[in-house]
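Novice: Under mature numbering (1 follows the signal peptide of the UniProt record, and there is no 0), the residues of the sequence shown are numbered -34 to -1, 1 to 546, in order.
First the structure, then my questions, so here it is.
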Amino acid sequence: MTRPKGPSRRSLISAVGAGTLLTYAGAQPATAFAAPVPQPGTDPVEVATGPSRTAVTVAAHDPAVYTRAAVGKLTVTPVSGTPGRTEVGSADGPLAVLTHGSRTVVLTGPERTFREDKRTVDDTFRRTVAPGGWGLSPGGGAWETANGTAGDYEVVPGAGVVRVPANSSVSRHVTLKDDQVADLDAVITGRFEQDPADAARSFALTFGYQGPADHCRARLSFAAGGAVTLHLEQAVSATSVTQLTTPVAVSPDLPAGSSWCIRVNRTGGRIQARAWRADLAEGTNWQITVDGRPPAPGRIGIRAAADSTALAAELRIPRVRILTATWTAPVTVVHRSWVRVLPEPYDGVWTPGVEQHLRGWLGSTAPDALAYGFHFLPGAPRVTSYRSGPPEHEAPVLGESDYGPARTGGGREEGADFHEYMGVNWTFARVPTGSLTKTAAPRFLGALDCSGYIRMVYGYHLGVPLAHESDHTSPGLLPRTAADMAARAPGTRIAHSATATPPPLTALQIGDLVFFDAESDPVDEIDHVGIYLGRDTADIPRFLSSRKTPNGATAADLGGPSTLTGTGTYATKLRTVHRL
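Here it is, written out as structure tokens:
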């Protein structure tokens, strides 16, 4: 299989370890990492450029960076309770917390901001979907239909299909389920399989979509005589549409079988749109610009319609791209906690060796558990292993991840472990002796399921020993599945509920593993796991995990809030908290 290359892991660590900044592009500045450029396609569409809005940054000139040089004598204070803890500080304040029986240490260090925003999308419909819809987008989220019947919507190889029956005056809609998109730059490509010789037809890029009767749209109409016109309009009710500006003529004729592109850019109160024939170059000027339109959040999607006298029409959409987009309230978590891992569990006895490890971490901005975890979120560039020997040489070890391949009947396939993201076979040691080897499945290259994500972060990158998926007896190893992790992961159980009520969060600590019974599967009580990230700017506790609907690692709310309080699935289905 072909492995994507990127900057080496060594360059990443050396760059962030020596500086006052932690980002995802090696030596890049605080703008963090650039959004990935969509792969070339058949449409000559200009690609938006600029930094990704998902990033981890360290506050500039934070004096905590120099803690290691400035700190003097340490104070070590045992704290009674279950589990036992040891608090370490200095004359200037607290520095670290160690948990008896665990390897993870939470240190106070430079302030960091974790920010996640809308992922880019490039959907070319290279998937098999059961008839009646468009399935899951590779950029996260599910396509949802409105109006008509299930037979009006389908995915064929290389295109999403919308059918408008003969003599129908009702439009058809397909939208990507993400209701909080504000600013955006998006492009769709489409064509009608039948030329409009009998009556006018149109398709549109919809945005700010709250429903068929509440959205904005850039609509390309095809008259029976062949003229092509671009409209910018707003649906305000089931029977009322407001033209936001005068329609613009795009072409006097419609070549048979031609495909057309529509692009919309909405920034603040400005909306711009243009359209062009897909076999021609995209222009640089906007054909329509409207100012003073306050941004209304909503979904992005496609609308198909025809005059009530038209014959049956079939619209094919071979490509949908969201080049950039922002949520109305991006996920933002700000704190000073850094999660490090000792070589052995802390037994409650303060030793010179433990002190040496802790002093070496003070003020360091080298990647920790949270930094590694965030480097699999949308927009993170691939980083390859610098290790010279097999199996990891030049294998990807960091970078934006998927969850797994889409299933025909819906959802995504589980099974992507850390080494399958890398595309390498892996030999796992057994305890006390022996080994087991697992072959990487090519379909999982670049993917991590929820437990594979945990094993990548805490196992591969931070050194917690890992078990083969069939090894259920070796002590001290991090198991393969979420259920087995909850039952016997090394470390200390912090909280657990054997009922349908979530356990208390009073002892929860940043970096802890959080386990959920999200699917109510009677076979495996626990079916999902994440890493507690901290409280966001709304004071809501959030976690990182790899999830099916967002298609990869996330701390956001697409497909359900990644929160531990409230009424969402994960908040109500939390069952266990564990500290490695």
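In this text, a Cβ means the ideal position worked out from N, Cα and C, and glycines have one as well.
The structure displayed is predicted, hence computed values, not measured ones.
What did DSSP end up calling residue 438 once you bin it into helix, strand or coil?
Specialist: Residue 438 sits at position 472 when you count from the first residue of the sequence shown. Reduced to three states, the DSSP call for residue 438 is coil.
Novice: Are the beta-carbon atoms of residue 442 and residue 410 separated by less than 8 Å?
Specialist: The residue labelled residue 442 in the question sits at position 476 within the sequence shown. The residue labelled residue 410 in the question sits at position 444 within the sequence shown. It is not a contact, given that the beta carbons lie outside the stated cut-off.
Novice: Helix or strand or just coil, what does DSSP make of residue 514?
Specialist: For this step, residue 514 is matched to residue 548 along the sequence shown. DSSP places residue 514 in coil when its eight states are reduced to three.
Novice: Determine the extent of the beta strand (DSSP E) in which residue 139 is found, giving its start and end residues.
Specialist: Numbered from its first residue, the sequence shown carries residue 139 at position 173. 138 to 158 is the span of the beta strand (DSSP E), which, as asked, contains residue 139.
Novice: Keeping to the same chain, check which residues put their C-beta closer than 6 Å to that of residue 175; ignore five residues upstream and five downstream.
Specialist: Reading the sequence shown from its first residue, position 209 is the one you call residue 175. Here the set comprises 141, 181, 264, 265, 267.
Novice: Per DSSP, residue 227 forms a beta bridge with which residues?
Specialist: Locating residue 227 in the sequence shown gives position 261, where the first residue counts as 1. Bridge partners of residue 227: 155, 242.
Novice: Name the residue from 184, 162, 327 whose alpha carbon lies nearest to the alpha carbon of residue 192.
Specialist: If you number the sequence shown from 1, residue 192 lands on position 226. Residue 192 has its Cα closest to that of 162, out of 184, 162, 327.
Novice: Less than 8 Å between the beta carbons of residue 151 and residue 293, yes or no?
Specialist: Within the sequence shown, the letter at position 185 stands for residue 151. Within the sequence shown, the letter at position 327 stands for residue 293. Result no, Cβ atoms of residue 151 and residue 293 do not sit closer than 8 Å.
Novice: Take the Cβ of residue 513 as the centre, count every other Cβ of all protein chains shown within 10 Å, and call the residue buried at 16 or more, exposed below.
Specialist: Residue mapping note: residue 513 aligns to position 547 of the sequence shown, counting from 1. Classification of residue 513: buried, given that the 10 Å Cβ count is 16 or more.
Novice: DSSP state of residue 549, grouped into three classes?
Specialist: Only positions -34 to 546 of the chain appear in this structure, which leaves residue 549 out of reach.
Novice: To which residues of the same chain is residue 202 closer than 8 Å at the C-beta, ignoring the five residues directly before and after it?
Specialist: Sequence index remark: in the sequence shown, residue 202 carries index 236 (1-based). Hits under 8 Å: 179, 180, 208.
Novice: Hey, quick one: how far does the alpha helix (DSSP H) through residue 310 stretch, first residue to last?
Specialist: For the purposes of this step, residue 310 is identified with residue 344 of the sequence shown, where counting begins at 1. Run containing residue 310: none; DSSP gives neither H nor E here.
Novice: Below 8 Å between beta carbons: does that hold for residue 206 and residue 187?
Specialist: Translated into positions along the sequence shown, residue 206 becomes position 240. Translated into positions along the sequence shown, residue 187 becomes position 221. No, these two residues do not count as a Cβ contact at 8 Å.
Novice: Write down the C-beta distance between residue 125 and residue 259 rounded to the nearest angstrom, noting that I regard them as a contact closer than 8 Å.
Specialist: Indexing the sequence shown from 1 puts residue 125 at position 159. Indexing the sequence shown from 1 puts residue 259 at position 293. 31 Å between Cβ atoms; not a contact.
Novice: Please list the terminal residues of the continuous alpha helix (DSSP H) segment that includes residue 173.
Specialist: As a working note, residue 173 is residue 207 in the sequence shown. No alpha helix (DSSP H) contains residue 173, which is instead part of the beta strand (DSSP E) from 167 to 177.
Novice: Restricting to Cα atoms, I'd like to know which of 438, 416, 37, 480 is closest to residue 74.
Specialist: Numbered from 1 along the sequence shown, position 108 holds the residue referred to as residue 74. Of the candidates 438, 416, 37, 480, the one whose C-alpha sits nearest the C-alpha of residue 74 is 37.
Novice: Helix, strand or coil for residue 385? Go by DSSP, reduced to three states.
Specialist: Sequence index remark: in the sequence shown, residue 385 carries index 419 (1-based). Of the three classes helix, strand and coil, the one that applies to residue 385 here is helix, per DSSP.
Novice: Label residue 245 either buried or exposed according to how many other C-beta atoms from any shown protein chain fall within 10 Å of its C-beta, with 16 as the threshold for buried.
Specialist: Taking the first residue of the sequence shown as 1, we reach residue 245 at position 279. Exposed.
Novice: With distances taken Cα to Cα, identify the nearest neighbour of residue 111 among 243, 338, 103, 99.
Specialist: Here residue 111 refers to the residue found at position 145 of the sequence shown. Residue 111 has its Cα closest to that of 99, out of 243, 338, 103, 99.
Novice: Assign residue 94 to one of three DSSP states: helix, strand, or coil.
Specialist: The residue given as residue 94 occupies position 128 in the sequence shown. Reduced to three states, the DSSP call for residue 94 is coil.
Novice: Taking the beta strand (DSSP E) that residue 392 falls in, what are its first and last residues?
Specialist: For this step, residue 392 is matched to residue 426 along the sequence shown. Looking at the DSSP string, the run of the beta strand (DSSP E) that includes residue 392 is 392 to 395.
Novice: Quick one: is residue 274 buried, meaning 16 or more other Cβ sit within 10 Å of its Cβ, or exposed?
Specialist: On the sequence shown, position 308 is the one that residue 274 refers to. It counts as exposed.
Novice: Return the Cβ separation of residue 97 and residue 120 in integer angstroms, given the expectation that the two are a contact with Cβ distance under 8 Å.
Specialist: As a working mapping, residue 97 is identified with position 131 in the sequence shown. As a working mapping, residue 120 is identified with position 154 in the sequence shown. About 5 Å; that satisfies the 8 Å criterion.
Novice: In whole angstroms, give me the CA-to-CA distance for residue 360 and residue 398.
Specialist: For the purposes of this step, residue 360 is taken as the residue at position 394 of the sequence shown. For the purposes of this step, residue 398 is taken as the residue at position 432 of the sequence shown. One C-alpha to the other measures close to 31 Å.
Novice: Taking the beta carbon of residue 356 as the centre, do at least 16 other beta carbons fall within 10 Å, making it buried, or is it exposed?
Specialist: Translated into the one-based positions of the sequence shown, residue 356 becomes position 390. By the 10 Å Cβ count, residue 356 comes out exposed.
Novice: Measuring straight from C-alpha to C-alpha, what distance separates residue 301 and residue 79?
Specialist: Here residue 301 is taken as the residue at index 335 of the sequence shown, counted from 1. Here residue 79 is taken as the residue at index 113 of the sequence shown, counted from 1. Whole-angstrom Cα-Cα distance: 7 Å.
Novice: Apart from the five residues on each side of it in sequence, which residues of its chain come closer than 7 Å, Cβ to Cβ, to residue 432?
Specialist: Here residue 432 is taken as the residue at index 466 of the sequence shown, counted from 1. Closer than 7 Å at the Cβ level, and outside the excluded window around residue 432, lie 394, 421, 425, 443, 444.
Novice: Where do the N-terminal and C-terminal ends of the beta strand (DSSP E) with residue 458 fall, by residue?
Specialist: Here residue 458 is taken as the residue at index 492 of the sequence shown, counted from 1. Here the beta strand (DSSP E) through residue 458 covers 458 to 462.
Novice: Does residue 374 have its Cβ less than 8 Å from a Cβ in chain C?
Specialist: Note that chain C does not occur in the displayed structure, where there is just one protein chain.
Novice: Compare the C-alpha of residue 342 against each of 40, 516, 135 and name the closest.
Specialist: Here residue 342 corresponds to residue number 376 of the sequence shown, with the count starting at 1. Nearest of 40, 516, 135 to residue 342, Cα basis: 516.
Novice: Less than 8 Å between the beta carbons of residue 72 and residue 303, yes or no?
Specialist: Here residue 72 refers to the residue found at position 106 when the sequence shown is read from its first residue. Here residue 303 refers to the residue found at position 337 when the sequence shown is read from its first residue. Yes. Within cutoff.
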